[in-house]
Structure formats: structure tokens, C-alpha cells
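In the working numbering, the protein residues as written are 1032 to 1197. Ideal Cβ positions, reconstructed from N, Cα and C, are used throughout, including at glycine. Below is one structure, written out as C-alpha cells; comments come after it.
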């Protein structure tokens, strides 16, 4: 085309999944919304924002990469609130043994599935359960500014775990 020789794929949009293209586009739009807070098209670089500081490489001719480590502080203790008025509600007339019966049923069901499933089932199930636990604890109590980068990393880790399990 126009005397230019393209080396490599020329049909990248056809090769990219629609979902990843939409996610990438959404991330770029959200980054621009974060940079243009007044919605007037002028980019404002606020170094107090963790995300903006992390993506800024050069500012006013000065290299700012890598960003300084994020200062993690202890969660502030909330003031003790007055105890709310206790409402007298009738408790469930359920048997206290119901919880134990459901746990026993789940154990029996898992034991039956493990006995009739292929040998690889327990290994795959263990990896799946550990991936769920790790994913839950990684995302717990994360600041809002770091949620999107963290989710991309945990999705990548989960993908690696799943591919490794296969």
C-alpha cells in the first residue's frame, strides 16, 4: 500500500477478540476521564493521584519513572458508634443441626464425586479452590485507585493457574 511493505500481520482487528478490544478501549477512555477531570479536553497531571503518578514517565522534560513506592498506611479506626437499638426479631425456627447436616451432605457429595471422577479431578479441583482463595484475598481491601491494575494482574495470574492446571 502506497509503497510501504508491511511485515507481519495485516489483519490485527480480525485477530483480536472483541472483548479484549472493548476492555482496552474502555481502559483508555477511563484514563482520559481521569486525566481530564474538568471535561474540557485539557489534561491535568495530578501527582497526588496514585494511578496518574504511576503512568507518568516524563513531566516537563524530567524523567519521573519509576514512580516512588506507594505509601501504605494503616486503616484508620472508626469512631465507636452508639449501639443501635436492638430489635426483637423472632429467630429462625431452623434446627441448629441444619448447618452440620448440610456440611456433611457436601462432604459426602464431594467424596462420591471424587470416587467416580477421573484421577485428575482432585488435582484440578484443588488448583481451582486455591485460585479462588488467592483471588479473594488479593482483591480484599484494595484502594479504588488500584482496583483496575490489580484486577488485570489477578486475571493474568488466574489465567496462568488455569493454563498450568490444564
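The alpha helix (DSSP H) that contains residue 1143, what's its start and end? Here residue 1143 corresponds to residue number 112 of the chain shown, with the count starting at 1. It spans 1129–1147 - the alpha helix (DSSP H) in which residue 1143 sits, taken as one unbroken run.
Going by DSSP, which residues form a beta bridge with residue 1090? For the purposes of this step, residue 1090 is identified with residue 59 of the chain shown, where counting begins at 1. Under DSSP, residue 1090 forms a beta bridge with 1093.
Grouping DSSP H, G and I as helix and E and B as strand, with all else coil, what is residue 1180? Stepping through the chain shown from its first residue, residue 1180 is reached at position 149. Residue state, collapsed to three classes: helix.
In terms of residues, what are the limits of the alpha helix (DSSP H) holding residue 1151? Counted from its first residue, the chain shown places residue 1151 at position 120. Looking at the DSSP string, the run of the alpha helix (DSSP H) that includes residue 1151 is 1151–1170.
I'd like the list of long-range same chain contacts for residue 1085, defined as Cβ closer than 7 angstroms, with 5 residues on each side in sequence excluded. To locate residue 1085, count along the chain shown from 1; it is residue 54. 1098, listed in sequence order.
One question on the structure: do residue 1087 and residue 1075 come within less than 7 angstroms of each other, judged by their Cβ atoms? Mapped onto the chain shown, residue 1087 falls at position 56. Mapped onto the chain shown, residue 1075 falls at position 44. Between residue 1087 and residue 1075, the C-beta spacing is not below 7 angstroms.
Three-state secondary structure (DSSP) of residue 1036: Counting from 1 along the chain shown, the entry for residue 1036 is found at position 5. In the structure shown, residue 1036 sits in coil (DSSP, three-state: anything other than H, G, I, E or B).
Just the Cα atoms here: how many angstroms apart are residue 1067 and residue 1081? One-based indexing of the chain shown puts residue 1067 at position 36. One-based indexing of the chain shown puts residue 1081 at position 50. Spanning the two alpha carbons is a distance of roughly 16 angstroms.
CA-to-CA distance, residue 1132 to residue 1173, given in whole angstroms: Looking up residue 1173 in the chain shown gives position 142. Looking up residue 1132 in the chain shown gives position 101. If you take the alpha carbons of residue 1173 and residue 1132, they lie about 36 angstroms apart.
When DSSP labels each residue in this structure, what does residue 1187 get in the three-state scheme? Reading the chain shown from its first residue, position 156 is the one you call residue 1187. Residue 1187: helix per DSSP, three-state reduction.
Specify the secondary structure class of residue 1057 as computed by DSSP and reduced to three states. Taking the chain shown and counting its residues from 1, one reaches residue 1057 at position 26. In the structure shown, residue 1057 falls within a helical segment according to DSSP collapsed to helix, strand and coil.
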